[in-house]
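Encoded as C-alpha coordinates, the structure appears first; notes follow it.
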Amino acid sequence: MKYTINYLLNAYSVLTAEDIKAHNPVTIYLVGRNVRKLEPIVKKFEEDRAAILKDSWVTEYNELIEKESKEVADEKFKVQVEEVEKEIKELLEKEVDFTFYTRKIDDVSFVGMDVVKFMDIIGE
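Heads up: take any position in the sequence shown, counting from 1, add 1060, and you land on my numbering.
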(Lines of atoms letter the chains of each structure in order from A and count residues from 1; the text may use other names and numbers.)
(Lines give C-alpha, C1' and ligand atoms only; values in the text may rest on other atoms or scores of the structure.)
Protein backbone atom coordinates (compact mmCIF):
# COMPACT_ATOMS: atom_id res chain seq x y z
CA MET A 1 0.00 0.00 0.00
CA LYS A 2 1.16 3.58 -0.59
CA TYR A 3 1.68 5.89 2.36
CA THR A 4 3.17 9.35 2.61
CA ILE A 5 6.50 9.70 4.39
CA ASN A 6 4.73 11.96 6.89
CA TYR A 7 2.23 9.22 7.72
CA LEU A 8 5.00 6.68 8.20
CA LEU A 9 7.03 9.07 10.38
CA ASN A 10 3.96 9.54 12.56
CA ALA A 11 3.42 5.77 12.74
CA TYR A 12 7.06 5.33 13.77
CA SER A 13 6.65 7.99 16.44
CA VAL A 14 3.54 6.30 17.83
CA LEU A 15 5.12 2.85 17.84
CA THR A 16 8.33 3.97 19.53
CA ALA A 17 6.60 6.18 22.11
CA GLU A 18 4.73 3.36 23.83
CA ASP A 19 6.31 1.25 26.56
CA ILE A 20 5.21 -2.18 25.41
CA LYS A 21 7.46 -4.33 27.60
CA ALA A 22 4.59 -5.23 29.91
CA HIS A 23 2.53 -6.71 27.10
CA ASN A 24 2.44 -10.18 25.64
CA PRO A 25 5.30 -11.43 23.41
CA VAL A 26 3.18 -11.23 20.24
CA THR A 27 2.48 -7.55 20.84
CA ILE A 28 6.13 -6.83 21.60
CA TYR A 29 7.21 -8.61 18.42
CA LEU A 30 4.51 -6.92 16.33
CA VAL A 31 5.54 -3.44 17.40
CA GLY A 32 9.25 -4.21 17.18
CA ARG A 33 9.01 -5.68 13.69
CA ASN A 34 7.13 -2.64 12.39
CA VAL A 35 9.62 -0.28 14.03
CA ARG A 36 12.47 -2.15 12.29
CA LYS A 37 10.63 -1.94 8.96
CA LEU A 38 10.08 1.81 9.41
CA GLU A 39 13.61 2.68 10.56
CA PRO A 40 15.17 2.83 7.05
CA ILE A 41 12.41 5.21 5.91
CA VAL A 42 12.92 7.44 8.95
CA LYS A 43 16.70 7.39 8.47
CA LYS A 44 16.41 8.26 4.77
CA PHE A 45 14.08 11.18 5.55
CA GLU A 46 16.45 12.50 8.23
CA GLU A 47 19.40 12.26 5.81
CA ASP A 48 17.47 14.07 3.07
CA ARG A 49 16.32 16.74 5.51
CA ALA A 50 19.85 17.20 6.84
CA ALA A 51 21.17 17.58 3.28
CA ILE A 52 18.63 20.33 2.62
CA LEU A 53 19.58 22.13 5.82
CA LYS A 54 23.29 21.83 5.07
CA ASP A 55 23.24 24.78 2.66
CA SER A 56 25.72 27.51 3.53
CA TRP A 57 23.09 30.15 4.25
CA VAL A 58 21.63 28.08 7.12
CA THR A 59 24.62 28.82 9.37
CA GLU A 60 24.27 32.53 8.75
CA TYR A 61 20.51 32.26 9.33
CA ASN A 62 21.01 30.51 12.70
CA GLU A 63 23.64 33.05 13.76
CA LEU A 64 21.26 35.89 12.93
CA ILE A 65 18.55 34.26 15.06
CA GLU A 66 20.98 34.14 18.00
CA LYS A 67 22.22 37.71 17.52
CA GLU A 68 18.91 39.39 16.73
CA SER A 69 15.68 37.40 16.41
CA LYS A 70 13.92 34.77 14.37
CA GLU A 71 11.75 37.43 12.78
CA VAL A 72 14.78 39.36 11.51
CA ALA A 73 16.39 36.19 10.19
CA ASP A 74 13.14 35.06 8.54
CA GLU A 75 12.83 38.42 6.80
CA LYS A 76 16.42 38.45 5.55
CA PHE A 77 16.27 34.85 4.33
CA LYS A 78 12.59 34.85 3.38
CA VAL A 79 13.04 33.24 -0.04
CA GLN A 80 15.41 30.56 1.24
CA VAL A 81 13.17 29.70 4.20
CA GLU A 82 10.12 29.41 1.94
CA GLU A 83 12.00 27.18 -0.51
CA VAL A 84 13.33 24.93 2.24
CA GLU A 85 9.86 24.61 3.74
CA LYS A 86 8.52 23.63 0.29
CA GLU A 87 11.29 21.11 -0.24
CA ILE A 88 10.74 19.47 3.15
CA LYS A 89 6.98 19.46 2.56
CA GLU A 90 7.59 17.66 -0.75
CA LEU A 91 9.68 15.08 1.08
CA LEU A 92 6.92 14.54 3.63
CA GLU A 93 4.23 14.22 0.95
CA LYS A 94 6.22 11.72 -1.13
CA GLU A 95 4.44 8.38 -1.31
CA VAL A 96 6.21 5.08 -0.81
CA ASP A 97 5.08 1.48 -0.88
CA PHE A 98 4.95 0.03 2.60
CA THR A 99 3.25 -2.94 4.16
CA PHE A 100 2.72 -3.01 7.88
CA TYR A 101 3.25 -6.35 9.55
CA THR A 102 -0.12 -7.12 11.13
CA ARG A 103 -1.66 -9.57 13.57
CA LYS A 104 -5.27 -10.21 14.53
CA ILE A 105 -6.56 -8.20 17.46
CA ASP A 106 -7.15 -11.44 19.40
CA ASP A 107 -3.39 -12.14 19.27
CA VAL A 108 -2.24 -8.85 20.73
CA SER A 109 -2.55 -7.07 24.04
CA PHE A 110 -2.92 -3.32 24.14
CA VAL A 111 -4.40 -3.13 27.63
CA GLY A 112 -4.32 0.43 28.90
CA MET A 113 -3.15 1.74 25.53
CA ASP A 114 -5.05 3.70 22.89
CA VAL A 115 -5.72 0.91 20.36
CA VAL A 116 -6.82 3.41 17.70
CA LYS A 117 -3.19 4.54 17.39
CA PHE A 118 -2.28 0.98 16.45
CA MET A 119 -4.91 0.28 13.79
CA ASP A 120 -2.27 0.01 11.04
CA ILE A 121 -0.74 -3.04 12.68
CA ILE A 122 -3.96 -4.80 13.65
CA GLY A 123 -5.33 -6.98 10.89
CA GLU A 124 -8.79 -8.41 10.57
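C-beta atoms are modelled at their ideal positions from N, C-alpha and C, and glycine is treated no differently. Please read these numbers as outputs of a predicted model, since none were measured by experiment.
- For V1156, the enclosing beta strand (DSSP E) covers residues E1155 to D1157.
- Where Y1121 is concerned, the enclosing alpha helix (DSSP H) starts and stops at S1116 to K1127.
- Between V1086 and V1168, the beta carbon gap of about 6 Å places them in contact (Cβ cut-off 8 Å).
- Only buried fits N1094, as 16 or more other CB atoms lie within 10 angstroms of its CB.
- Distance from the Cα of K1164 is smallest, within the candidate group D1180, V1156 and L1113, for D1180.
- Counted as a single uninterrupted DSSP element, the stretch harbouring Y1072 is not any beta strand (DSSP E) but the alpha helix (DSSP H) occupying residues I1065 to A1077.
- Nearest to Y1161 by alpha-carbon distance, out of G1092, Y1063 and A1082, is G1092.
- Taking C-beta separations shorter than 7 Å and ignoring five residues to either side along the sequence, the partners of V1132 in its chain run L1124, following chain order.
- The Cβ atoms of D1134 and V1141 sit closer than 8 Å to each other.
- For the pair E1078 and E1147, the Cα-to-Cα distance works out to about 31 Å.
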